[in-house]
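Note sheet for the following structure.
Residue numbers (full-length UniProt numbering): 1 to 333.
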């Protein structure tokens with residue numbers, strides 16, 4: 001037989017006996033000393049119990065389990081498992097890879113529930129909710145109100161994590177893609193006179209000038225459609241801005257540029273001003289700015305202009321009818 005685990009109180013008796021029985025099933029056909037699997041399992045198991053636990057008078061596997069569960073070591077094991085559940089936390093990282101996958105976490109959670117004999121669904125919900133950071137607890141608790149089984153609970157947790165990973169949050173650094181051209185919004189380091197730096201489109205998503213930090217009302221808050229945000233370029237330390245006091249060089253729309261002063265944009269789902277759901281990866285959205293009482297949309301198109309010997313693709317704001325050139329998306333953080 002493979003090396004069999006001894007019972008010393010550090011494993012749940014049910015799990016320990018299952019392991020013993022599995023090994024006995026493999027070897028019983030080659031062992032003529034035992035008349036059946038239950039007898040073989042019992043004798044092998046009794047020989048592996050810690051000597052401090054008296055199993056001399058045990059006559060069945062059920063009786064063996066009862067004896068082990070009545071021992072103080074099992075009571076300590078249950079309390080220890082419950083404490084591990086209380087201490088368990090999901091390392092939620094919306095901006096990169098986890099050291100531990102959601103699957104690995106849920107396997108660990110299920111194992112601890114089994115070890116602690118937490119079988120009531122409300123208790124299971126309580127422990128799972130409190131593995132999350134406090135900013136997620138209420139939202140997840142609302143999601144699982146009508147969940148009635150452990151399997152549904154685990155599935156709901158995985159779905160919740162995926163949903164949160166796809167949501168755009170304040171402080172996220174993102175790449176903003178122009179849907180129609182497939183190019184990326186860029187804050188170029190080329191000066192644009194008194195209007196800061198040139199904003200254009202780039203083919204190279206790896207270019208640091210294509211990175212934008214989303215700044216919402218509070219750090220790490222989810223961004224919802226209809227919210228005001230600022231878009232800051234880490235490459236130039238400037239904010240995406242627009243003005244109706246200067247015309248764009250190629251088409252005479254409102255100039256778009258990056259500048260040191262704070263400038264607000266409103267995120268819209270497509271062209272909808274009423275939808276207030278979460279802003280998520282791969283959504284097609286538009287960016288609206290308000291200058292005084294005037295509202296205009298961020299647009300990119302296939303018009304170009306030159307500054308010196310450099311050629312740029314134009315990005316503008318306009319107050320015309322919404323069109324395909326006004327759609328943007330975020331494919332990844």
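The C-beta atom is built at its ideal place from N, Cα and C for all residues, glycine as well. Note that this is a predicted model, so its numbers are computed, not measured.
Asked: Residue from 92, 78, 140 and 143 whose Cα sits closest to the Cα of residue 111; Found: 78
Asked: Length of the line joining the Cα atoms of residue 50 and residue 171; Found: 55 Å
Asked: Residue 238 beta carbon less than 9 Å from that of residue 186; Found: no
Asked: Cβ pair residue 130, residue 194 closer than 9 Å; Found: no
Asked: Cβ neighbour criterion (16 or more within 10 Å) applied to residue 103; Found: exposed
Asked: Residue 296 beta carbon less than 9 Å from that of residue 241; Found: no
Asked: Sequence ranges, beta strand (DSSP E) only - wholly within the segment 299–324, length at least 3; Found: 310–318
Asked: Assumed close pair residue 222, residue 167 - CB separation to whole angstroms, cut-off 8 Å; Found: 5 Å
Asked: Other residues of its chain near residue 294: CB distance less than 8 Å, five sequence neighbours each side excluded; Found: 244 and 319
Asked: The beta strand (DSSP E) enclosing residue 86, as first and last residue numbers; Found: Looking at the DSSP string, residue 86 is not in any beta strand (DSSP E); the run it does join, the alpha helix (DSSP H), is 72–87.
Asked: CB contact flag (residue 234, residue 211, <9 Å); Found: yes
Asked: For residue 272, three-class secondary structure by DSSP; Found: strand
Asked: N- and C-terminal bounds of the beta strand (DSSP E) containing residue 238; Found: 238–247
Asked: Residue 275 burial status per 10 Å Cβ neighbour count (16 or more: buried); Found: exposed
Asked: Unbroken alpha helix (DSSP H) run spanning residue 113, endpoints; Found: 102–116
Asked: When 178, 62, 315 and 3 are compared against residue 284, the one with the closest alpha-carbon; Found: 178
Asked: Start and end residues, beta strand (DSSP E) containing residue 24; Found: Careful: residue 24 lies outside any beta strand (DSSP E), inside the alpha helix (DSSP H) at 13–27.
Asked: Rounded distance between the beta-carbons of residue 213 and residue 232, thought under 8 Å; Found: 5 Å
Asked: Exposure of residue 273, with buried meaning 16 or more beta-carbon neighbours within 10 Å; Found: exposed
Asked: Beta-carbon separation (whole angstroms), residue 92 vs residue 132, contact threshold 8 Å; Found: 7 Å
Asked: Boundaries (first-last residue) of the beta strand (DSSP E) holding residue 177; Found: 173–178
Asked: N-terminal and C-terminal residue of the beta strand (DSSP E) that residue 168 is part of; Found: Neither: residue 168 is in no beta strand (DSSP E) and is coded neither H nor E.
Asked: Which of helix, strand or coil DSSP assigns to residue 327; Found: coil
Asked: Where residue 96 sits in the DSSP three-state scheme; Found: Below a pLDDT of 50, predicted positions are generally treated as unreliable, and residue 96, at 46, falls in that range; the measurement from the model is reported next regardless. Of the three classes helix, strand and coil, the one that applies to residue 96 here is coil, per DSSP.
Asked: DSSP three-state assignment for residue 131, whether helix, strand or coil; Found: coil
Asked: Rounded C-alpha distance that separates residue 64 from residue 165; Found: 47 Å
Asked: Residues that DSSP places opposite residue 294 in a beta bridge; Found: 291
Asked: Close Cβ partners of residue 306 (< 8 Å) along its chain, the five nearest in sequence each way excluded; Found: 312
Asked: Identity of the residue in 60, 19, 48 and 89 nearest residue 39 by Cα; Found: 60
Asked: Helix, strand or coil at residue 10 [DSSP, three-state]; Found: coil
Asked: Residues of its chain near residue 143, where Cβ-Cβ distance is below 7 Å and the 5 sequence neighbours each way are ignored; Found: 156 and 160
Asked: Whole-number beta carbon distance between residue 298 and residue 317, since they are thought to touch under 8 Å; Found: 6 Å
Asked: Start-to-end residues for the beta strand (DSSP E) that takes in residue 200; Found: 197–202
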